[in-house]
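Q:
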Amino acid sequence: MRRTLKAGLSLFRIRAIEGLQYRLAALSGATVSTFWALIEAVILVVFFKYGNNTAGSINGLNLSQGVSYIWLGELMVMLQIPGIDGDLMVKITSGDIGIELCRPLDLYWHWFSRSAAGKVNAFIIRGGMVIACGSALTLFGADHIGFGLPHSPVNFGLFLISVFSAFLFSTAYSMFVTAIRVGVAWGDGPMYLITVAGTVLSGGYLPLQLWPDSMQTFLRIQPFASYLDTPARLYIGSVTLKNGLLMLLLQVAWIAAFVFFGRMIMKHKLKAVVVQGG
Amino acid sequence: MAQISLNEISKTFKVEERLEGKLGIIRGALVRKTKEIKALDSISFEINEGELVGYIGPNGAGKSTTVKVMSGILTPESGRCEIMGRTPWKDRLNHVSQIGVVFGQRSQLWWDVPVNDSFDLLKDIYDIPANRHKERLNQLVDTMNIGTLLKTPVRQLSLGQRMCCEVVAALLHNPKILFLDEPTIGLDAVSKLALREFLKNENKQNGVTMILTTHDMDDIEALCDRVMVIGHGKLLFNGKLDGLKRQFSPLRCIHAITENPIGETSIFGAVKIDVIDREWTVWFDPVKTPAHKIVAEMAEKLPLVDITIVERDIDEMIAAMYREMDL
């Protein structure tokens, strides 16, 4: 365990160093995300202003909360791109998985650290730039489409915790998908489908609170809420603290579930793995 | 007891086949036809500690599959395999910490970061104490002469330089066994020589058992005490390279040029003689007649200008062997 952890941290470090080399990629990614957030924010403004809406909020979500949610969505989406780590994908399809299997490490945790490192890089660099742009808008007076302050210091604290859980959740989920992908020679199509479904259900395209009332219970319980909706709601304060804590617990439960199933599938697959190529 | 022992190992793969005919592609989307290929068909052999064994065979013969089975990443259908007392695929983690692998066509180094970072990572993966790692690394780096490369990102190394680093990476944790899968593929002559020298040294000094698969017969000739030949999943030959040579190319030949054209005369001990103008080619069996006797006889009978004993072309010999065995 100690050894796995040490190796995991080392993998994490080397992956992070590697990721930092692509500054231009980070910059362009952040630009795309910023524009995307702006467009969504504008749509939301139109939606709230001209919709048949007298209360000023929908399902307990008001406009400025909604806009902040969207900026957070662009921040969190970084944790998900790509749903399955590109390097690992190449290893699976090319047969380099063979070398990985020649390491005295549990392949699941070995790849977990790699995948996590790949995500955290994009998250910190690109996500940081996006949030900086969003905050700049607020600072310079365009606060109706800018990123707002957290609801309260307590909310902010819980938000930070849930971002960390979301990060673990997203890695556990990627590993689950990766495990399914090992030894299966499908194209990438189904993988994109799984990733997009995850993004939609996490609130990445439309805040979950704006979805029809009848779906709310389902949306709160399903796993992908863990990834964006939970941290976002805690930040903007569109959930009571008590419910917020329950959502945090739910996040932990989903992490455990995906790690469990991911490991199980991986173990099963490795028994029959075919290492491609000579 | 042998360090490595394989006993009747078999492994079959399913290969998908395109259906015949014009609509083969379309029908193939609906119906799949699979063919079973016996990659390994009851392979058995033993290797002792410190041996340097060459493993040859044509493409697709099952070389890599055997290496994969021995390194614990493939599970065979049947047969037993024991390496240092363990079954590789059952006790994978303990097994792989004792072995090193170099796959000539794959890289275990991180592409975008300096070589040294990859070595540091391996230190943590294999849990090597810092001082021992440093000592071993220095030793390897000195003998391999790659000190100047350590700070260079892997993507900027030449193939030869990279392969040297790959080998160092595989040996950092002091493995007892090293599997080399076509390590010299694509290397220039100088790099090949350096790499061979290094491998030989490592084998002599640290007693690392090495199993080398290759298509380069010079590798085998320069390095290996023993060769195993595999074809169609079966082990066809297992023994000394000399034995292989005797079996498949028993005759050696002497090439001579005479001062003026001379009609064919008999040479004692010669099996076959070709004469074209001034050029003589004399075939003989070195087991029955030593080369010097033939040379002496030729010197006596012929007005020689030049005489050479032709080295056996091992590539040709192997090709002949593959043909003979219908591989």
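Protein sequence lines correspond, in order, to chains Y and F.
Numbering follows my numbering, with no gaps: position 94 of the first sequence is 127.
Numbering follows my numbering, with no gaps: position 79 of the second sequence is 388.
Even glycine gets a Cβ: it sits at the ideal position worked out from N, Cα and C.
All values derive from a computational prediction rather than experimental measurement.
Contact between the segment 197 to 217 of chain Y and the segment 278 to 294 of chain Y: three or more CB pairs below 8 Å?
A: They touch, by the three-pair rule.
Q: Which same chain residues, not among the five before or five after F/Ile623, have their C-beta less than 7 Å away from its C-beta?
A: Excluding positions up to five away in sequence, the list reads Met526, Glu530.
Q: Is F/Val463 near F/Val424, with beta carbons less than 7 Å apart?
A: Closer than 7 Å, so yes.
Q: Between the segment 152 to 171 of chain Y and the segment 245 to 265 of chain Y, do three or more beta carbon pairs fall short of 8 Å?
A: Counting Cβ pairs under 8 Å, fewer than three are found: no touch.
Q: Using a beta-carbon distance below 7 Å, is F/Arg389 in contact with chain Y?
A: Taking Cβ atoms only, chain Y never reaches closer than 7 Å to F/Arg389, which makes this a no.
Q: Between the segment 140 to 148 of chain Y and the segment 40 to 56 of chain Y, are three or more C-beta pairs nearer than 8 Å?
A: Result yes; three or more Cβ-Cβ pairs closer than 8 Å.
Q: If you compare alpha carbons, which of F/Glu588, F/Gly548, F/Glu391, F/Val376 is closest to F/Met519?
A: Selected option, being the one with the closest Cα: F/Val376.
Q: Shorter than 7 Å from the beta carbon of F/Ile382 to some beta carbon of chain Y?
A: Chain Y, which has a Cβ nearer than 7 Å to the Cβ of F/Ile382, makes this yes.
Q: What residues are listed by DSSP as bridge partners for F/Asp287?
A: Here chain F comprises residues numbered 310 to 636, so residue 287 of chain F is not present and cannot be evaluated.
Q: Who does F/Thr567 pair with in a DSSP beta bridge?
A: Answer is F/Leu613, bridged to F/Thr567.
Q: Contact defined as beta carbons within less than 8 Å: I believe Y/Leu77 pairs with Y/Val100. What is the distance between those atoms, to the nearest angstrom?
A: Contact flag correct, Cβ pair sits at about 6 Å.
Q: Give, in chain order, every residue of the segment 392 to 419 of chain F whose Cβ lies closer than 9 Å to some Cβ of chain Y.
A: Here the close residues are Trp398, Arg401, Leu402, Asn403, His404, Val405, Ser406, Gln407, Ile408, Gly409, Val410, Phe412, Gln414, Arg415, Ser416, Gln417, Trp419.
Q: Can you pull the chain F residues whose beta carbon is under 7 Å from the beta carbon of Y/Ala49, in chain order?
A: None at all; the shortest Cβ gap to chain F is about 10 Å.
Q: Would a check of beta-carbon distances place F/Ile318 closer than 7 Å to chain Y?
A: Cβ-Cβ to chain Y under 7 Å: no for F/Ile318.
Q: Is the beta carbon of Y/Ser195 less than 7 Å from the beta carbon of Y/Leu94?
A: Not closer than 7 Å, so no.
Q: Count the CB pairs spanning the segment 359 to 368 of chain F and the segment 507 to 522 of chain F that are closer than 8 Å, and state whether there are at least three.
A: Touching, yes, given that three or more Cβ pairs across the two stretches are closer than 8 Å.
Q: What does DSSP give as the partner residue(s) for F/Ile618 in the beta ladder?
A: F/Ile618 is bridged to F/Ile563.
Q: In three-state terms, what does DSSP make of F/Ser390?
A: The residue you asked about is not Ser; residue 390 of chain F is Cys in the sequence shown. Looking at F/Cys390 - three-state DSSP - the assignment turns out to be strand.
Q: Residues in the same chain with beta-carbon distance under 6 Å from Y/Gly311, minus the five sequence neighbours each way, listed in chain order, please.
A: The pLDDT assigned to Y/Gly311 is 45, lower than 50, so where the model puts this residue is not dependable, and the model offers no usable value.
Q: Nearest by alpha-carbon distance to F/Ile455: which of F/Glu345, F/Glu317, F/Cys473, F/Asp497 is it?
A: Out of F/Glu345, F/Glu317, F/Cys473, F/Asp497, F/Cys473 has the C-alpha closest to the C-alpha of F/Ile455.
Q: Assign F/Leu458 to buried or exposed, taking buried as 16 or more other Cβ atoms, counted over all protein chains shown, within 10 Å of its Cβ.
A: So F/Leu458 counts as buried.
Q: Does the beta carbon of Y/Gly119 come closer than 7 Å to any beta carbon on chain F?
A: No, no contact with chain F.
Q: I think Y/Leu138 touches F/Ile434, with their Cβ atoms under 8 Å apart; what is that distance to the nearest whole Å?
A: Sure, about 6 Å apart at Cβ, within 8 Å.
Q: According to the neighbour-count rule (16 or more other Cβ atoms, all chains shown, within 10 Å of its Cβ), is Y/Val272 buried or exposed?
A: It counts as buried.
Q: By DSSP, does F/Thr493 sit in helix, in strand, or in coil?
A: If DSSP states are grouped into helix, strand and coil, F/Thr493 belongs with coil.
Q: Does Y/Gly311 come out as helix, strand or coil in the three-state DSSP assignment?
A: Bear in mind that a pLDDT of 45 at Y/Gly311, under 50, signals an unreliable position, so the model cannot answer this.
Q: For F/Val411, which three-state DSSP category applies?
A: If DSSP states are grouped into helix, strand and coil, F/Val411 belongs with the strands.
Q: Considering only the alpha carbon of each residue, which of F/Asp350, F/Trp419, F/Pro599, F/Asn368 lies closest to Y/Glu51?
A: Nearest C-alpha to Y/Glu51: F/Trp419.
Q: Rounded to whole angstroms, what is the Cα-Cα separation between F/Val461 and F/Met453?
A: Note that residue 461 of chain F is Thr in the sequence shown here, rather than Val. Cα-Cα distance, rounded: 16 Å.
Q: Determine the DSSP secondary structure at F/Val378, reduced to helix, strand or coil.
A: Three-state result, F/Val378: helix.
Q: If you count every other CB in all the chains shown that lies within 10 Å of the CB of F/Pro397, and 16 or more means buried, which is it?
A: Its Cβ being crowded by 16 or more others within 10 Å, F/Pro397 is buried.
Q: Can you find a C-beta in chain Y that's less than 7 Å from the C-beta of F/Val596?
A: Not one chain Y Cβ lies under 7 Å of F/Val596.
Q: Alpha carbon to alpha carbon, how far is Y/Gln309 from Y/Arg136?
A: Only weak support is given to the placement of Y/Gln309: the predicted model assigns it a pLDDT of 49, under 50, and the question is left unresolved by the model.
Q: Is the CB of F/Ile494 under 7 Å away from at least one CB in chain Y?
A: By this cut-off, F/Ile494 is not an interface position.
Q: So that I know if they touch, is there some Cβ in chain Y lying closer than 7 Å to that of F/Val580?
A: No - not a single Cβ of chain Y is within 7 Å of the one on F/Val580.
Q: Could you give the residue range of the alpha helix (DSSP H) that holds Y/Val285?
A: Start and end: 274 to 304.
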